[in-house]
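Following: one structure in structure tokens, then a few remarks.
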Amino acid sequence: MAIARSQTNLITAQEAGLVACTGCGSVHTQEPSKCTRCGSRLRSRDDQSLQKVWAFLIAGMIAYLPANIYPMLRTKTLFSYSEDTIVGGVIALFKYGNYGVAAVVFVASVLIPIGKFIAVGYLTISVQLRSQSHQHEKHRLYEVVEFIGRWSMIDVFVVAILSALVQLGGLATIKPGIAAVSFALSVVFTMLAAQSFDSRLIWDSDRT
Amino acid sequence: MTDDAPHKIAEMSVTHTRRPIWQRMSLVWLVPIIALAVSLFVAWQDYINRGTLIEISFDNAAGVIAEETVLKYRDVTVGRVEKISFAEGLSVVLLQVRVDNNVAPYLDDDAQFWVVRPNVTVRGVTGLDTVLSGVYIEGTWDDQLDVAQTAFVGVENAPVSRGGQRGTEITLRTRDGSALAEGAPILHKGIEVGFLEKPNLSFTGNEVLVTGFVRAPYDKRITANTRFWDISGFSVNLGASGVSLDVSSLASLIEGGVAFDTVVSGGEAIRDGHLFDMFDDEASARSSLFANPNRELLNMAVLFDRSVSGLSVGSEVQFQGVRVGEVTSLSAFVEETSAGQLVRLRANIGIEPDRLGLGEGTTVAQALSFIEDQVAQGLRARMITGNILSGSLSIELLIVQDAPAAAVQYSDSTYPILPATTSQITDVAATAEGVLDRISRLPVEELMTSTIDTLNSIERLANDDSLREAPVSLAALLDETRALIADEDLRAIPSDLRETVAGAQRLIDKDISTVATDLSKVVESLDALLQQADNAELIATLGRTLTRAETTIHNIETATNQLPAMTEQLNALIAKANALELQALVDEATGLIRSADALISSDATADLPASLAASLDELRAVLAEIREGGAVENVNAALASASAAARAIETSVEGLPALSERASRLVTQTEDVISSYSTRSRFGQDMSTTLRDIQTAADAVTSLARTIQRNPSSLLRGR
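Residue numbers (my numbering), protein chains in the order written: chain A, 0 to 207; chain B, 17 to 735.
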């Protein structure tokens, strides 16, 4: 541990007796309960962070289940009616030879959400276990998760746009299914989970 | 850490406070709890509403796609196919269908399911939307809650659905169901009022039973007196007015159909399932109105050795010339005899017991025993010609005198066998030929000649002078008569008589004793004298003369009788003569002669000649009067007009050869027509070709319709 610190030569703001405002970034030495610049609450560590992460993560996972079970798109044309789930749509696209689109949808709708669950879950667990390994990688992982979170809505956007565009009366109608709502909720919950994660806790693993 | 003191700006007191768990728990935990609750609620809701799973088995499931094909009831989606699988042994396809919960309780044993595919029939196109949307499963069931089931057997085609309509169900009995298809219409006065369901064989296999459904309010038109008849296909009538083709409707042409009518009122109302017989055509249906078609028939069989060509199912069975039944079926069988195998023909006949004359309500057994009795007395069956032109035969039951003894034979395999006798079949061709032969052999020419001769003779006779002189001869005859009466001898008779009487007087006066003998002699001679006078035959001759004159007149009348016109004129003449009181005068003359006769036999014979002469004078005057009155001229005029009439007849007779020529031409034409009935003639060929063409066309239409019905998609696919 000492070696690691000497190598990186890192100290935390807490060790330095400083508190950085999470809102505007100004650093305070004393312990005012509020940031003098932006007025947000100053906390060296969010002690409820992990609770929130877990709560949102579980909510996201719960929402993700119906998102995959129920149909995402309800397509009604003159002569047919079909309901497509996310995975069903991917398989159909793959079957029809649209490998690229199938890959994009698969990545955006399946890989990324599940990857996020795993990543956030891993980060949280490793913080709780006070793991001290790969702290930098963990931090980078966290940043990737946060960055990518906003793009997870791509599926919902597609459904929203299609539903808005394809309203041709009796000829063809596309409506969002329950899964679309569930999927959106799932994405929101995972984003909240990622946001609730206090990344500073990654670096606290070697302290008691 | 602690040795990094120089970096330390300020000591930070980090307090780790232990708070109770409910304070440390963040409110954010509500979020997943709510999410979970909502998810579970949705899942539960979904589970509750997912419906009942039923299983329908089909022979094939063409076009059915799992998770896509829906189940519809009255065109409303009430379920969806979940899974398609095979039953054990791959015998049938099992479709697992998730049915809405509010419908599932109604799915009891009357529920029927079928796959709706495009269906093109003569009555319209159905299920066309399934061409693009894919097939769906349609179901029908009633609105009665019954014991719900979950396993069903699907039907191949859409059943003819009554769709909750009210009406009456009837059962039709027919011999042949080939002309009837499921869904064929029931027409009443040309309006479709119902439909037939699928024809089924009866339990015995002898008949076809079809259930029909007649919608309210038309079902009120059906009573026990209603008759149903087949209107399938078309009828071609070859009659005096030419060929007439009768097609009821395009639908009935291909699918068949049934029409009904109730002509006789007062029939009892019927209940569901009433059994009716179906007649082949309207005519036989109507002619059967007074017979009870639903009575049990006495079935018998007749065996014939010769061909029964011309005998057909439905041929009449006559008993003493009255129709008592009909032929129900014909078949051939081989009989083993000592001489080898012999093919015999068996005609099964159905006799209506009521028609045998045993009264209403005769049972089959009674009828059979009656027939047995009759057979013992010589009742036999034979074939007779029913219709000379068509060559159709019918079976006649008749009493054959001195027939060899026979009895009704009973066997297990057939109906009781009625003994047969030699058939009397008139061959149409032979008969027609014979008739024509006889017509052509008729001595028409000679007949005409002799007729002309006869008329000539009549004319000659009428023109004959002797006939004209008949009145003259009559006058002469009367003259002669008068002369005879005026004869001296006759005149002498009274004086002789007087002398004789005087002599007798003298004798009486002379001697009484001799008187007696003399008197007797006198009486004798008087007798003789009187006898002589009788023998003179004067009276008789006169009478005969008058009779002869009468006969002559009568003969003239008879001769003239043969020509109606002449007779009429002669009758008028005679009437005129009558009007001239000739008859009365003659009567008077007769009366006078009679009185003359009386006079002769009376004592006042002295006045006799005078009065006789006077009367004869009178008679002569009468005759003269007649002559002057123009009677003879009248007769002559009459005879002249008679001769004119005869000439007119002669003229018309001259026209007769032309007539006979036309007649012979007609006969030749008739001959041609009759000979053209034979199959080799062009007319027959043309006719049969035409009919065959019509038949081929109808067959083609039928097969097209069948193909389309069987495989509607072929219309769309083009194969």
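Ideal placement from N, C-alpha and C gives every residue a C-beta, glycine not left out.
Out of the options, which has the shortest C-alpha to C-alpha gap to residue i?
i: ASP418 of chain B; options: B:SER429, B:THR437 and B:THR430; result: B:THR437
i: LEU72 of chain B; options: B:ALA299, B:GLU172, B:PHE57 and B:LEU477; result: Correcting the residue type first, residue 72 of chain B is Ile in the shown sequence and not Leu. Residue B:GLU172 is the option with its Cα nearest to ILE72 of chain B.
i: PRO70 of chain A; options: A:GLY176, A:THR189 and A:ARG199; result: A:GLY176
i: ARG73 of chain A; options: A:LYS94, A:ALA179 and A:PHE93; result: A:ALA179
i: GLU83 of chain B; options: B:GLY150, B:PRO369 and B:ILE247; result: B:GLY150
i: VAL226 of chain B; options: B:LYS236, B:ARG66, B:GLY272 and B:PRO459; result: B:GLY272
i: THR189 of chain A; options: A:GLY114, A:THR35, A:TYR80 and A:ARG139; result: A:GLY114
i: GLN390 of chain B; options: B:MET399, B:LEU374 and B:THR401; result: B:LEU374
i: LEU144 of chain B; options: B:GLU154, B:VAL132 and B:GLY199; result: B:VAL132
i: GLY289 of chain B; options: B:GLU312, B:GLN336 and B:GLY228; result: B:GLY228
i: TYR141 of chain A; options: A:TYR121, A:GLY88 and A:GLY87; result: A:TYR121
i: THR166 of chain B; options: B:PHE129, B:VAL141, B:ALA174 and B:ARG287; result: B:PHE129
i: ASN117 of chain B; options: B:GLY356, B:TYR152, B:GLN61 and B:GLY140; result: B:GLN61
i: ALA397 of chain B; options: B:SER408, B:THR379 and B:VAL416; result: B:VAL416
i: ILE247 of chain B; options: B:ASN222, B:VAL209 and B:PRO201; result: B:PRO201
i: LEU69 of chain B; options: B:SER427, B:VAL163, B:PHE168 and B:SER323; result: B:PHE168
i: ARG66 of chain B; options: B:ARG114, B:VAL259 and B:GLN393; result: B:ARG114
i: GLU341 of chain B; options: B:GLY366, B:ALA448 and B:TRP157; result: Note on identity: in this sequence residue 341 of chain B is Gly, with Glu being the wrong assignment. The candidate whose alpha carbon is nearest that of GLY341 of chain B is B:GLY366.
i: GLU298 of chain B; options: B:ALA285, B:GLU284, B:ALA275 and B:ARG287; result: B:ALA275
i: TYR63 of chain A; options: A:SER43, A:ARG199, A:SER185 and A:SER198; result: A:SER185
Starting from the beta carbon of residue i, find every residue of chain A whose beta carbon is closer than 7 Å, and list them in chain order.
i: PRO48 of chain B; result: ALA54, ILE57, ALA58 and ILE61
i: LEU52 of chain B; result: ILE61
Just the Cα atoms here: how many angstroms apart are residue i and residue j?
i: GLY95 of chain B; j: VAL158 of chain A; result: 27 Å
i: ALA192 of chain A; j: CYS37 of chain A; result: 24 Å
i: GLN160 of chain B; j: ASP125 of chain B; result: 11 Å
i: ALA3 of chain A; j: PHE55 of chain A; result: Since pLDDT at ALA3 of chain A reaches only 47, below the 50 mark, its modelled position is unreliable, and the value read off the structure follows with that caveat. Spanning the two alpha carbons is a distance of roughly 33 Å.
i: TRP202 of chain A; j: GLN127 of chain A; result: 12 Å
i: LEU217 of chain B; j: ASP293 of chain B; result: 14 Å
i: ILE37 of chain B; j: GLN47 of chain A; result: 12 Å
i: ASP480 of chain B; j: SER473 of chain B; result: 10 Å
i: PHE196 of chain A; j: VAL106 of chain A; result: 24 Å
i: LEU395 of chain B; j: ARG454 of chain B; result: 35 Å
i: ALA53 of chain B; j: ILE173 of chain A; result: 29 Å
i: PHE386 of chain B; j: ARG371 of chain B; result: 12 Å
i: LYS24 of chain B; j: VAL103 of chain A; result: Here the model assigns LYS24 of chain B a pLDDT of 48, short of 50, so the residue's position is not dependable, and the following value carries that caveat. The alpha-carbon atoms of LYS24 of chain B and VAL103 of chain A are separated by roughly 51 Å.
i: VAL451 of chain B; j: VAL460 of chain B; result: 15 Å
i: ALA163 of chain A; j: LEU110 of chain A; result: 26 Å
i: PRO369 of chain B; j: GLN425 of chain B; result: 19 Å
For a contact meaning CB atoms closer than 8 Å, what does residue i contact in chain B?
i: PRO65 of chain A; result: SER55, VAL58 and ALA59
Checking 9 Å against the spacing of the C-beta atoms, do residue i and residue j come in under that value?
i: LEU196 of chain B; j: THR187 of chain B; result: no
i: LEU314 of chain B; j: ALA383 of chain B; result: yes
i: SER410 of chain B; j: LEU291 of chain B; result: no
i: ALA51 of chain B; j: ALA19 of chain A; result: no
i: VAL333 of chain B; j: VAL343 of chain B; result: yes
i: ASP277 of chain B; j: GLY330 of chain B; result: no
i: ALA363 of chain B; j: VAL318 of chain B; result: yes
i: LEU358 of chain B; j: SER347 of chain B; result: no
i: ARG40 of chain A; j: LYS51 of chain A; result: no
i: GLU412 of chain B; j: PHE320 of chain B; result: no
i: ARG237 of chain B; j: VAL209 of chain B; result: yes
i: ALA164 of chain B; j: PRO121 of chain B; result: yes
Mind pulling the chain B residues with CB within less than 9 Å of residue i?
i: LYS94 of chain A; result: Simply none; closest approach about 15 Å.
Mind listing the chain A neighbours of residue i? Cutoff is C-beta to C-beta under 8 Å, in chain order.
i: VAL44 of chain B; result: GLN47, GLN50, LYS51, ALA54, PHE55 and SER195
Who are the neighbours of residue i on chain A, taking C-beta pairs under 9 Å?
i: MET41 of chain B; result: GLN47 and GLN50
Assuming residue i and residue j make a contact with CB atoms under 8 Å, what is their CB distance in whole Å?
i: ILE100 of chain B; j: LEU111 of chain B; result: 6 Å
i: ASP154 of chain A; j: ILE85 of chain A; result: 7 Å
i: ALA232 of chain B; j: GLY183 of chain B; result: 5 Å
i: GLY193 of chain B; j: VAL224 of chain B; result: 4 Å
i: PHE74 of chain B; j: VAL119 of chain B; result: No, PHE74 of chain B and VAL119 of chain B are not in contact; Cβ-Cβ is about 20 Å, not under 8 Å.
Taking 9 Å as the CB-CB cut-off, is residue i touching chain C?
i: LEU500 of chain B; result: Note that chain C does not occur in the displayed structure, where the protein chains are A and B.
May I ask you to check if the CB of residue i is nearer than 8 Å to at least one heavy atom of the ligand NAD?
i: TYR141 of chain A; result: The ligand NAD is not part of the structure shown, which contains no ligands of any sort.
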